[in-house]
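As you go down the protein sequences, you meet chains A and B in turn. First residue of the first sequence? That's 11 in my numbering, and the numbers climb one at a time after it. First residue of the second sequence? That's 110 in my numbering, and the numbers climb one at a time after it. Ideal Cβ placement from N, Cα and C applies to all residues, glycine included. Predicted model, so just to flag it, every value in this text is computed and none were measured. These notes are about the structure you will find just below.
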Amino acid sequence: DTGVSQDPRHKITKRGQNVTFRCDPISEHNRLYWYRQTLGQGPEFLTYFQNEAQLEKSRLLSDRFSAERPKGSFSTLEIQRTEQGDSAMYLCASSLASLPSGNTIYFGEGSWLTVV
Amino acid sequence: QKEVEQNSGPLSVPEGAIASLNCTYSDRGSQSFFWYRQYSGKSPELIMFIYSNGDKEDGRFTAQLNKASQYVSLLIRDSQPSDSATYLCAVNKNYGGSQGNLIFGKGTKLSVKP
């Protein structure tokens, strides 16, 4: 499978615990994005990387959230001290070049987080 | 005003009919426009993109863009039950030299009845 891979696909955690999601982008893609989607809403941008550099962060990305892409390949998204409002699907996506050239961003299958 | 607006639906059309999905956006500087399809519990998949005024056709799908009216639409001809999904409109917002992310609407739920 050469698509965007996310792990774990589902995570149930207790409020206050830390969770980490991993994303492996399509191998030749230099851009990697994290989005969050809740029921009935469209995906909301969180952050993106070009190679290992984190170029943009949404104000939605509170200080409890941290994302890394240390070697410009896979990325991790960590949520510290989880809250019930963090329950959502966390989507990773990757692309080869910047928009608006029309190059497609490809989404992974998402990581579902439930905070109880 | 939300940046990207879509009617949440549900939009119900009979099989074989044309489904028309609409989207408006607030930022006149937006450069590229995308339509994604999302089945329940799945991730979005790209249907097509458009960045010039006018129509762009791809199989049964036609995207239409009118930058003056800040309006983009998606037409699905010969709708099939398998087209039943939520359709997300997304806009690339140009932050000066940064062109990193897409702004999504809430999506329109389409139901195609056999």
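*Does DSSP put proline 123 of chain B in a helix, in a strand, or in coil?*
In the second sequence, counting from the first residue as 1, residue 123 of chain B sits at position 14. Three-state DSSP puts proline 123 of chain B in a strand.
*asked:* Suppose you measure from the CA of isoleucine 156 of chain B to the CA of glutamine 147 of chain B; what does that come to, to the nearest Å?
replied: As a first step, residue 156 of chain B must be located in the second sequence, where it is residue number 47. As a first step, residue 147 of chain B must be located in the second sequence, where it is residue number 38. Whole-angstrom Cα-Cα distance: 10 Å.
*Pull up the distance between the alpha-carbon of arginine 186 of chain B and that of alanine 63 of chain A, whole angstroms please.*
Counted from its first residue, the second sequence places residue 186 of chain B at position 77. Counted from its first residue, the first sequence places residue 63 of chain A at position 53. Answer to the nearest angstrom: the Cα atoms are 43 Å apart.
*isoleucine 127 of chain B: buried (16+ other C-beta within 10 angstroms of its C-beta) or exposed?*
Translated into the one-based positions of the second sequence, residue 127 of chain B becomes position 18. Burial call: exposed.
*When the Cα of valine 113 of chain B is compared with those of B:Leu184, B:Ser135, B:Gly125, which residue comes out closest?*
Position 4 of the second sequence holds residue 113 of chain B. Selected option, being the one with the closest Cα: B:Ser135.
*Using a Cβ-Cβ cut-off of less than 7 Å, list which residues of the region 79-92 of chain A approach chain B; keep chain order.*
none
*For a contact meaning CB atoms closer than 9 Å, what does glycine 216 of chain B contact in chain A?*
The residue labelled residue 216 of chain B in the question sits at position 107 within the second sequence. Per Cβ cutoff of 9 Å: Gly50, Gln51, Gly52.
*Terminal residues of the continuous beta strand (DSSP E) containing glycine 120 of chain A?*
Taking the first sequence and counting its residues from 1, the one referred to as residue 120 of chain A is at position 110. Run containing glycine 120 of chain A: none; DSSP gives neither H nor E here.
_Going by DSSP, what residue range makes up the beta strand (DSSP E) through tyrosine 43 of chain A?_
In the first sequence, counting from the first residue as 1, residue 43 of chain A sits at position 33. Residues 41-47.
*What span of residues does the beta strand (DSSP E) with lysine 222 of chain B cover, start to end?*
If you number the second sequence from 1, residue 222 of chain B lands on position 113. Note, lysine 222 of chain B: beta strand (DSSP E), 217-222.
*Indicate whether the contact test is met: 3 or more Cβ pairs, each with one atom in the region 66-85 of chain A and one in the region 114-123 of chain B, closer than 8 Å.*
Fewer than three pairs of CB atoms, one per stretch, sit closer than 8 Å, so the region 66-85 of chain A makes no contact with the region 114-123 of chain B.
*According to a CB-to-CB cut-off of less than 8 Å, which residues of the region 147-175 of chain B neighbour chain A?*
Lys151, Ser152, Pro153, Glu154, Leu155, Phe158, Tyr160
*chain B contacts made by the region 18-43 of chain A, where a contact means CB separation under 9 Å*: Within the region 18-43 of chain A, the residues whose Cβ lies closer than 9 Å to any Cβ of chain B are, in chain order, Arg41, Tyr43.
*Might you give, ordered along the chain, the residues of its own chain that have their beta carbon closer than 6 Å to the beta carbon of tryptophan 122 of chain A, omitting 5 neighbours on each side?*
Taking the first sequence and counting its residues from 1, one reaches residue 122 of chain A at position 112. These residues qualify, in order along the chain: His20, Met99.
*Which class does glycine 95 of chain A belong to by DSSP, given the choice of helix, strand or coil?*
On the first sequence, residue 95 of chain A is found 85 positions in, with the first residue counted as 1. Three-state result, glycine 95 of chain A: helix.
*Quick one: list the residues of chain A neighbouring asparagine 210 of chain B, beta-carbon separation under 7 Å, in chain order.*
In the second sequence, residue 210 of chain B corresponds to position 101, counting from 1. Within 7 Å Cβ-Cβ: Tyr43, Phe55, Tyr58, Glu66.
*asked:* Could you give the first and the last residue of the continuous beta strand (DSSP E) run that contains isoleucine 156 of chain B?
replied: Counting from one through the second sequence, the residue named residue 156 of chain B turns up at place 47. That run of the beta strand (DSSP E) goes 154-159.
_aspartate 167 of chain B in three-state terms, based on DSSP_ = As a position in the second sequence, residue 167 of chain B is number 58, starting the count at 1. In the structure shown, aspartate 167 of chain B sits in a strand (DSSP, three-state: E or B).
*Within the 8 Å Cβ cut-off, does phenylalanine 130 of chain A reach chain B?*
Outside the displayed span of chain A (11 to 126) sits residue 130 of chain A, for which this structure offers no information.
*asked:* Nearest by alpha-carbon distance to lysine 202 of chain B: which of B:Asp167, B:Leu184, B:Gln179, B:Glu154 is it?
replied: Translated into the one-based positions of the second sequence, residue 202 of chain B becomes position 93. Out of B:Asp167, B:Leu184, B:Gln179, B:Glu154, B:Gln179 has the C-alpha closest to the C-alpha of lysine 202 of chain B.
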